[in-house]
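Protein chains in written order, with the numbering used here: chain A, 2 to 122; chain B, 153 to 405. Where is the CB? At the ideal position from N, CA and C, for every residue including glycine. Notes for the one structure printed next.
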């Protein structure tokens with residue numbers, strides 16, 4: 002189909018993945034649930050800190066383009082961390098660990114983690 | 153998103169999904185892509201969650217996101233969730249939470265808790281259908297026995313519908329996008345019909361990782377929002393995930 006939604010005939014022979022629709026394989030990591038929640042994601046964050054920071058920065062840029070005053074980011078950075086104590090304990094601690102390991106503000110890590118609830122309208 | 157669970161002729165269950173995310177989050181005019189979707193791809197990881205050096209569950213996840221959207225308890229069940237849009241959305245749940253009404257569960261923490269703690273398909277199904285939530289959702293659940301698969305349609309307060317496999321009636325797969333299965337999808341976002349057409353064309357006799365990957369590689373099931381494709385076989389404890397791209401021409405959602 003040459004117009005949106007560009008529906009194709011059912012594809013075949015695409016597996017094992019290769020070619021233009023394949024961007025790469027996904028790496029494996031272990032997370033040890035016996036570790037304190039604060040420590041569990043350290044290795045992963047250490048490996049992906051730059052990529053995570055880039056994503057959060059992009060979301061902040063989008064927010065700034067909608068609310069140029071920067072008020073929204075202020076609320077995220079200053080007020081969202083107040084939620085942490087109300088979240089299920091181990092997840093709150095894990096988010097604190099991620100914020101500490103990445104150097105990102107806790108409110109921005111919380112925002113990333115509650116994105117689903119924010120975007121279901 | 154597009155999630156499906158299919159049963160082959162021997163009773164083996166396959167569960168797969170395309171994770172689509174980033175709609176309206178910044179369109180990159182130069183590269184014809186969604187900015188957030190592009191930035192999410194390098195954050196996709198497979199995680200083996202272990203306790204006492206033994207696997208508790210496997211997941212395909214985003215670094216920095218502690219909840220779960222795709223996961224498997226090997227030998228027990230598989231789980232994916234798809235976004236369900238509603239006016240009675242998660243922002244109301246967040247508001248209630250802030251105001252001190254905290255009886256609901258956060259979607260991704262619920263799925264993580266189910267993957268971590270549920271010990272059977274039935275227990276997972278009960279938890280996902282009965283727990284009050286902050287936001288609506290579709291839970292796509294697969295078990296490890298013939299006939300064990302369903303799509304749970306949730307509002308914040310209750311379970312609206314459970315749509316199950318029914319081999320005797322010829323329903324050997326369930327396929328869910330982002331619309332209630334008993335209603336027509338939005339006409340500008342119909343991934344269900346092309347997905348079902350390809351599943352029907354594949355037939356139950358030929359279902360496998362390879363043929364399911366073919367279905368999930370067909371536009372518009374594959375689209376500009378597709379971040380990764382995950383394939384799971386619970387009986388083999390096998391989870392594979394691949395980063396995706398949708399070269400032009402390709403619909404933005």
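For this session: With residue 301/B as the anchor, note down where its beta strand (DSSP E) starts and where it stops.
Result: Counting from 1 along the second chain, the entry for residue 301/B is found at position 149. Here the beta strand (DSSP E) through residue 301/B covers 301-306.
Problem set entry | C-alpha gap between residue 265/B and residue 219/B, whole angstroms | To locate residue 265/B, count along the second chain from 1; it is residue 113. To locate residue 219/B, count along the second chain from 1; it is residue 67. Computed Cα separation, rounded: 9 Å.
Exercise. Going by the CB atoms, is the gap between residue 159/B and residue 280/B shorter than 8 Å?
Worked result: Locating residue 280/B in the second chain gives position 128, counting from the first residue. Locating residue 159/B in the second chain gives position 7, counting from the first residue. With respect to residue 159/B, residue 280/B sits apart: the two C-beta atoms are not nearer than 8 Å.
Exercise. When the cut-off is 8 Å and only beta carbons count, does residue 349/B lie next to chain A?
Worked result: Counting from one through the second chain, the residue named residue 349/B turns up at place 197. Output row for residue 349/B: interface = yes.
Problem set entry | Distance, residue 285/B Cα to residue 242/B Cα | To locate residue 242/B, count along the second chain from 1; it is residue 90. To locate residue 285/B, count along the second chain from 1; it is residue 133. Roughly 9 Å between the two C-alpha positions.
Exercise. Taking just the CA atoms, how far does residue 331/B sit from residue 30/A?
Worked result: The sequence position of residue 30/A within the first chain is 29, counting from 1. The sequence position of residue 331/B within the second chain is 179, counting from 1. Each residue's alpha carbon lies about 33 Å from the other.
Exercise. Should residue 319/B be labelled buried (16 or more other beta-carbon atoms within 10 Å of its own) or exposed?
Worked result: Residue numbering aside, residue 319/B sits at position 167 when the second chain is read from its first letter. Residue 319/B is exposed by the Cβ-count criterion.
Exercise. What is the rounded straight-line gap between the Cα of residue 183/B and the Cα of residue 65/A?
Worked result: Numbered from its first residue, the second chain carries residue 183/B at position 31. Numbered from its first residue, the first chain carries residue 65/A at position 64. Rounded to the nearest whole angstrom, the CA to CA distance from residue 183/B to residue 65/A is 22 Å.
Exercise. Taking contact to mean at least 3 C-beta pairs separated by less than 8 Å, is the segment 186-204 of chain B in contact with the segment 351-364 of chain B?
Worked result: Taking 8 Å as the limit for Cβ pairs, the verdict is that the segment 351-364 of chain B does not touch the segment 186-204 of chain B.
For this session: Measure from the alpha carbon of residue 376/B to the alpha carbon of each residue in 177/B, 164/B, 291/B, then state which is nearest.
Result: Within the second chain, the letter at position 224 stands for residue 376/B. Closest by alpha carbon: 177/B.
Problem set entry | Members of the segment 261-293 of chain B that neighbour chain A once the beta carbon cut-off is set at 7 Å | Of all residues in the segment 261-293 of chain B, 261, 286, 287, 288 have a Cβ within less than 7 Å of some Cβ in chain A.
Exercise. So which of 223/B, 297/B, 174/B has the shortest CA-CA distance to residue 233/B?
Worked result: Taking the second chain and counting its residues from 1, one reaches residue 233/B at position 81. Among 223/B, 297/B, 174/B, the Cα nearest to that of residue 233/B belongs to 223/B.
Exercise. Shorter than 8 Å from the beta carbon of residue 35/A to some beta carbon of chain B?
Worked result: The residue labelled residue 35/A in the question sits at position 34 within the first chain. Chain B contact via Cβ: present.
For this session: For residue 249/B, name the three-state secondary structure that DSSP assigns.
Result: As a first step, residue 249/B must be located in the second chain, where it is residue number 97. DSSP places residue 249/B in helix when its eight states are reduced to three.
Problem set entry | C-beta atoms of residue 209/B and residue 201/B nearer than 8 Å | Along the second chain, one-based indexing puts residue 209/B at 57. Along the second chain, one-based indexing puts residue 201/B at 49. Yes, these two residues count as a Cβ contact at 8 Å.
Exercise. Among residues of its own chain, excluding the 5 on either side of residue 227/B, which ones have a beta-carbon nearer than 8 Å to its beta-carbon?
Worked result: The residue given as residue 227/B occupies position 75 in the second chain. Apart from the 5 residues on each side of it in sequence, residue 227/B sits with its Cβ closer than 8 Å to the Cβ of 296, 386, 387, 389 in its chain, given in chain order.
Problem set entry | Proximity of residue 170/B and residue 326/B at Cβ, strictly below 8 Å | The residue labelled residue 170/B in the question sits at position 18 within the second chain. The residue labelled residue 326/B in the question sits at position 174 within the second chain. Taking 8 Å as the Cβ cut-off, residue 170/B and residue 326/B do not qualify as a contacting pair.
For this session: For the segment 21-45 of chain A, enumerate the residues whose C-beta is nearer than 7 Å to any C-beta of chain B, in chain order.
Result: Taking 7 Å as the Cβ-Cβ cut-off against chain B, the residues of the segment 21-45 of chain A that qualify are 21, 22, 23, 24, 25, 26, 27, 28, 29, 30, 31, 32, 33, 34, 35, 45.
Exercise. Taking any Cβ of chain B, which residues in the segment 64-89 of chain A have a Cβ under 8 Å from it, in chain order?
Worked result: Across the segment 64-89 of chain A, CB contacts with chain B closer than 8 Å involve 84, 87, 88, 89, in sequence order along the chain.
Problem set entry | residue 347/B in three-state terms, based on DSSP | As a working note, residue 347/B is residue 195 in the second chain. Looking at residue 347/B - three-state DSSP - the assignment turns out to be helix.
Exercise. Taking contact to mean at least 3 C-beta pairs separated by less than 8 Å, is the segment 99-114 of chain A in contact with the segment 43-50 of chain A?
Worked result: Contact holds: three or more Cβ-Cβ distances are below 8 Å.
Exercise. For residue 52/A, which three-state DSSP category applies?
Worked result: Within the first chain, the letter at position 51 stands for residue 52/A. Look at residue 52/A here: in three-state DSSP terms it is helix.
Exercise. Are three or more beta carbon pairs between the segment 105-112 of chain A and the segment 260-274 of chain B nearer than 8 Å?
Worked result: Verdict: no, contact absent.
Problem set entry | DSSP bridge partner residues for residue 292/B (one or two, in chain order) | Your numbering for residue 292/B matches position 140 in the second chain. BP columns for residue 292/B point to 232/B, 303/B.
Problem set entry | Presumed contact (8 Å Cβ cut-off) between residue 118/A and residue 259/B, rounded CB distance | Here residue 118/A is taken as the residue at index 117 of the first chain, counted from 1. Here residue 259/B is taken as the residue at index 107 of the second chain, counted from 1. Confirmed, Cβ separation roughly 7 Å.
Problem set entry | Inter-stretch contact (C-beta, 8 Å, three-pair minimum) for the segment 67-82 of chain A and the segment 6-25 of chain A | As far as the Cβ criterion goes, the segment 67-82 of chain A does not touch the segment 6-25 of chain A, which means the pair count is below three.
Exercise. Interface residues of chain A around residue 366/B at Cβ under 8 Å?
Worked result: Residue 366/B sits at position 214 when you count from the first residue of the second chain. By Cβ distance, chain A contributes 11, 12, 13, 14, 15, 16.
Exercise. Counting along the chain, where does the beta strand (DSSP E) carrying residue 166/B start and finish?
Worked result: Along the second chain, one-based indexing puts residue 166/B at 14. Where residue 166/B is concerned, the enclosing beta strand (DSSP E) stretches over 165-172.
Exercise. Residue 300/B to residue 73/A, Cα distance in whole Å?
Worked result: Here residue 300/B is taken as the residue at index 148 of the second chain, counted from 1. Here residue 73/A is taken as the residue at index 72 of the first chain, counted from 1. Going by the C-alpha atoms only, they are around 45 Å apart.
Exercise. Would residue 366/B be called buried (16 or more neighbouring beta carbons within 10 Å of its own) or exposed?
Worked result: Along the second chain, one-based indexing puts residue 366/B at 214. Buried, by the Cβ-count rule.
Exercise. In the segment 103-117 of chain A, which residues sit with their C-beta less than 9 Å from some C-beta in chain B, listed in chain order?
Worked result: Shown in chain order are the members of the segment 103-117 of chain A whose Cβ falls below 9 Å from a Cβ of chain B: 103, 105, 110, 113, 114, 115, 116, 117.
For this session: Quick one: list the residues of chain B neighbouring residue 49/A, beta-carbon separation under 9 Å, in chain order.
Result: Here residue 49/A is taken as the residue at index 48 of the first chain, counted from 1. Here the neighbours are 194, 195, 197, 215, 216.
Exercise. Which residues mark the beginning and the end of the alpha helix (DSSP H) in which residue 107/A is found?
Worked result: Mapped onto the first chain, residue 107/A falls at position 106. Judged by DSSP secondary structure, residue 107/A falls within the alpha helix (DSSP H) whose first and last residues are 107-114.
For this session: Determine the DSSP secondary structure at residue 183/B, reduced to helix, strand or coil.
Result: Taking the first residue of the second chain as 1, we reach residue 183/B at position 31. Looking at residue 183/B - three-state DSSP - the assignment turns out to be coil, as it is neither helix nor strand.
For this session: Give the DSSP-derived three-state secondary structure of residue 195/B in the structure shown.
Result: Indexing the second chain from 1 puts residue 195/B at position 43. In this structure, residue 195/B counts as helix in the three-state DSSP scheme.
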